[in-house]
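Going by the numbering used here, the first residue of the sequence shown is number 4, and it counts up by one from there. C-beta: ideal position from N, C-alpha, C; glycine also. Step one of this worksheet: look at the structure below.
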Amino acid sequence: MHDWFVNTFAPYYPYIKFIHVLAISAWAWSTSVGYYWFLRNAYISWKKNPGDPEYKRRKDWALEQFDNGAIIEHVAFPVAIVTGLFMFVIGGWGLDRPWLKWKLLILVTIFLPMEIVDIWLSHLGGKKERHRDNPGKYESLVRFHWKFFTIVTPLVGLFIPAIIFLAVVKP
Ligand code: HEM
4 MHDWFVNTFA
14 PYYPYIKFIH
24 VLAISAWAWS
34 TSVGYYWFLR
44 NAYISWKKNP
54 GDPEYKRRKD
64 WALEQFDNGA
74 IIEHVAFPVA
84 IVTGLFMFVI
94 GGWGLDRPWL
104 KWKLLILVTI
114 FLPMEIVDIW
124 LSHLGGKKER
134 HRDNPGKYES
144 LVRFHWKFFT
154 IVTPLVGLFI
164 PAIIFLAVVK
174 P
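Set out below in structure tokens:
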């Protein structure tokens, strides 16, 4: 089975790597402008003017749009993992390679739990627009999502460049 897999897909290694890098770029950066300049701005303005209906409408709209827009990140992530696993097997890579060991450690300890919560918050039970008829639930999800952002933003800022550095420089 292993030999069949390697012989079948080895000729496509460069194409699989191309898809891997494409998926990584979509995963890493697709939400950054939306988060930093739209969502964060709308949320902080609302926090400063909690009684103003226009600031609340803007905050709700920005968060609901962000939930929808995160689909790019959440499709790209599994594509990156599957293509990475393909290359791992085809290329005969092993965990004896420090760059790959640290890369997978970052992936499993930080990005995998983070994306599981993020996918739930944006597309499943935590999707805000699903709770418009329940203002209490809606606002508690908004607070939980904002807390999530405040925890993961520094991690993302540090570990996305770190994981790409490990993959490209292979120290
Ligand atoms: C979100 C997580 C991931 C990120 C950010 C990432 C990033 C990258 C980048 C930027 C490259 C291109 C390196 C180059 O051009 O030399 C790469 C290559 C590679 N990645 Fe990933 N990757 C991720 C997940 C994975 C996973 C889950 C695996 C395997 C289990 C994996 C295995 C590989 C392998 C084997 C290569 C090819 C190395 C080469 O041919 O030079 N990656 N990765």
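Where the alpha helix (DSSP H) containing residue i begins and where it ends
{"i": "histidine 23", "result": "16-32"}
{"i": "leucine 124", "result": "115-126"}
{"i": "lysine 51", "result": "43-51"}
{"i": "proline 157", "result": "138-172"}
Spatially closest choice to residue i from the options, by CA coordinates
{"i": "phenylalanine 89", "options": "Ile19, Val171, Gly160", "result": "Ile19"}
{"i": "proline 116", "options": "His77, Gly95, Lys131", "result": "His77"}
{"i": "histidine 148", "options": "Gly129, Arg135, Ile163, His134", "result": "Gly129"}
{"i": "valine 145", "options": "Leu169, Arg61, Ile109", "result": "Arg61"}
{"i": "tyrosine 141", "options": "Ser125, Ile154, Thr153", "result": "Ser125"}
{"i": "asparagine 71", "options": "Pro53, Asp121, Leu103, Leu169", "result": "Asp121"}
{"i": "serine 35", "options": "Phe69, His134, Trp105", "result": "Phe69"}
{"i": "isoleucine 74", "options": "Pro17, Lys106, His134, Glu118", "result": "Glu118"}
Close-in-space but distant-in-sequence residues of the same chain around residue i (CB under 7 angstroms, 5 per side omitted)
{"i": "histidine 23", "result": "Ala83, Thr86, Gly87, Met90"}
Own chain partners of residue i with C-beta closer than 8 angstroms, once the 5 adjacent residues on each side are dropped
{"i": "glycine 139", "result": "none"}
{"i": "alanine 31", "result": "Ile163, Ile167"}
{"i": "serine 48", "result": "Tyr58, Arg61, Lys62"}
The stretch 60-72 / the stretch 40-51 touching (three or more Cβ pairs under 8 angstroms) = yes
Stretch-stretch touch, CB-based, cutoff 8 angstroms, three pairs: the stretch 92-101 with the stretch 157-165 = no
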